[in-house]
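A short write-up of the structure that comes next.
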Amino acid sequence: MSRIHSGRKGRAGSHRPYPLTKPEWVTATPDEVVEQAVQLAKGGVPAALVGLQLRDQHGIPSTRAVTGKRLSVLLREQGVSPEIPDDLQALLKRVVHLQQHLESHPKDLANRRGLNLMEARIRRLARYYRQRQRIPETWRYSAVGAALQVE
């Protein structure tokens, strides 16, 4: 795979397949894992950090190996997934910080180009999520709306 906004090539190579079987040393049941994940998500922890906390603090290497479903699917089924997906939310947060920087440094042309590239990435990702009904069909990116959603 290549990079989106540059002429560079990406990384190549195969990855070791991740085992989807539950290790013998994991004693947690699927219901316990779902309960812990929902509890963390209700506490305001993003899905990526929920997986890290389950791994580091509760000794669950993979929710998919234990429950048979991905963590984001589990959270969506339980009704605790965020309205805007985590990766889109992170991009919106980056755009807001970059806009604040450009207000105080208007001649920073390199970061102005970076802002344009990031906004293009947000539009592309939003189109993907609209097609899969993960965000409302009426959701559109705007600079003002991004600032309001991040707050």
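Our numbering runs 24 ahead of the 1-based position in the sequence shown. C-beta atoms are modelled at their ideal positions from N, C-alpha and C, and glycine is treated no differently.
Residues of its chain near residue i, where Cβ-Cβ distance is below 7 Å and the 5 sequence neighbours each way are ignored
{"i": "Ile-84", "result": "Val-50, Ala-52, Val-57, Leu-78 and Val-90"}
{"i": "Arg-27", "result": "Gly-34"}
{"i": "Arg-158", "result": "Pro-109"}
{"i": "Lys-46", "result": "Ala-89 and Val-90"}
{"i": "Val-74", "result": "Ala-61, Leu-64, Ala-65 and Leu-95"}
{"i": "Ala-171", "result": "Val-120"}
{"i": "Tyr-153", "result": "Pro-109, Leu-112 and Ile-159"}
Opposing strand residues paired with residue i [DSSP bridges]
{"i": "Ser-12", "result": "Any question about residue 12 goes unanswered here, given that the chain covers just 25 to 175."}
6 Å CB neighbourhood of residue i in its chain, flanking five on each side removed
{"i": "Val-62", "result": "Gln-102 and Val-104"}
{"i": "Pro-70", "result": "Asp-110"}
Assigned exposure category for residue i - 16 Cβ within 10 Å defines buried
{"i": "Thr-87", "result": "buried"}
{"i": "Val-168", "result": "exposed"}
{"i": "Leu-95", "result": "buried"}
{"i": "Leu-99", "result": "buried"}
{"i": "Ala-72", "result": "exposed"}
{"i": "Ala-144", "result": "exposed"}
{"i": "Ala-150", "result": "buried"}
Proximal residues to residue i (C-beta, below 8 Å), its chain only, five neighbours per side dropped
{"i": "Asn-135", "result": "Leu-122, His-125, Leu-126 and His-129"}
Where the alpha helix (DSSP H) containing residue i begins and where it ends
{"i": "Gly-169", "result": "167-174"}
{"i": "His-82", "result": "71-82"}
{"i": "Gln-155", "result": "133-155"}
{"i": "Leu-122", "result": "110-128"}
Can you find at least 3 beta carbon pairs, one from the region 127-139 and one from the region 99-116, that sit closer than 8 Å? no
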